[in-house]
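Spelled out as structure tokens, the structure:
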């Protein structure tokens, strides 16, 4: 769980209780008369590690409530919905990336094949929409549906740019803003919508969530490049083998000396990158030694500072402080 120790012990206890209710609703909503479906859902529940998105809903809901702490049933339902959508994207991502491991265990596509994984992801998304439809404020359902469309746009844009060695930062940011940041922004914004907060507060929290989400994805890309699979908890090195240029790779391609750039592109485009660890290690060393990993890390830090600045529209409270610290924790995560 991506949750640092809050300033106020009461906040920690409240969030523990609230997350417990969200998890119960998650299980309840996905319960099926068919045991084969329940077994798959139980397997996917192992993927629930950081719980960033439901936490964003809950903490943003607390921070934007009139008393700085009260949450409603709609906040809990929304937290459950965004977790379902996110989990569905993980199941589908593992198919696209041909990933074998997630949270230290086999992915659904490894365990049961791509067909089952596709249908399980669809099952979770349809349940998310069903739960959304039970909420009185239809803006929530429309926004979640639109955000899911945007996430899919991001994935399609990324697929369209696989093995595009000319990919630039602008398109990279378009991809991650859609596939990751959009849902984080929606979590925070809709938490304020439920609280009937004015547009200024909704926009500020959307800004917070989006900047946090972009930084989160940059760190995720760095972990895929430099992280250890046992620590990260999922297959690493997939961006290299799938021909996906991420920020440190883009920075190196644009800024390194021509001879190094040529070597870099030759290594990336060779089949050896798929089955020869020494090739992947050579790419990692080149990118790290040139300072491209550091560049990406510093960019993530800048985005987190922008996210934290957006919180100043909210009154001071333990929940606002926790949003600030949650953003900071994105920079130091190892999984």
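Residue numbers (our numbering): 4 to 338. Glycine residues also receive a C-beta, built at the ideal position from the N, C-alpha and C atoms. Note that the coordinates shown come from a computational prediction; the quantities given were computed from them, not determined experimentally.
8 angstroms Cβ cutoff met for residue 47 and residue 111: yes
Helix, strand or coil at residue 3 [DSSP, three-state]: Because residue 3 is not part of the residues shown, which for the chain are 4 to 338, the question remains open.
For residue 109, the three-state DSSP class (helix, strand or coil): strand
Residues near residue 273 in its chain [Cβ-Cβ closer than 6 angstroms; skip 5 each side]: none
Spatially closest choice to residue 44 from 315, 122 and 181, by CA coordinates: 122
Cross-strand partners of residue 104 (DSSP beta bridge): 109
Segment limits, alpha helix (DSSP H) that includes residue 122: 117-135
Beta-carbon spacing of residue 99, residue 170 below 8 angstroms: no
For residue 269 and residue 165, the rounded distance between their alpha carbons: 15 angstroms
Separation of residue 243 from residue 276, as counted between CA atoms: 7 angstroms
Member of 146, 97, 132 and 106 whose CA lies at the smallest distance from the CA of residue 115: 97
Beta carbon proximity, residue 205 to chain D, threshold 8 angstroms: Looking for chain D here will not work: only one protein chain is present.
Among 256, 88, 294 and 156, nearest to residue 124 - alpha-carbon criterion: Among 256, 88, 294 and 156, the Cα nearest to that of residue 124 is on 88.
Beta-carbon spacing of residue 225, residue 296 below 8 angstroms: yes
Three-way DSSP call (helix, strand, coil) for residue 140 in this model: Here residue 140 sits in coil by DSSP.
Residue closest to residue 128, alpha-carbon to alpha-carbon, out of 283, 29 and 322: 29
Three-state secondary structure (DSSP) of residue 157: helix
Coil, strand or helix - residue 34 by DSSP: Collapsing the DSSP output to three states places residue 34 in coil.
Element boundaries [alpha helix (DSSP H), containing residue 216]: 202-229
Straight-line Cα distance separating residue 293 from residue 205: 40 angstroms
Among 50, 177, 240 and 298, the one whose alpha carbon lies nearest that of residue 281: Considering only 50, 177, 240 and 298, the residue with the shortest C-alpha distance to residue 281 is 240.
Contact belief for residue 61 with residue 82 at Cβ below 8 angstroms, rounded distance in angstroms: 6 angstroms
Cα-Cα separation, residue 319 to residue 311: 13 angstroms
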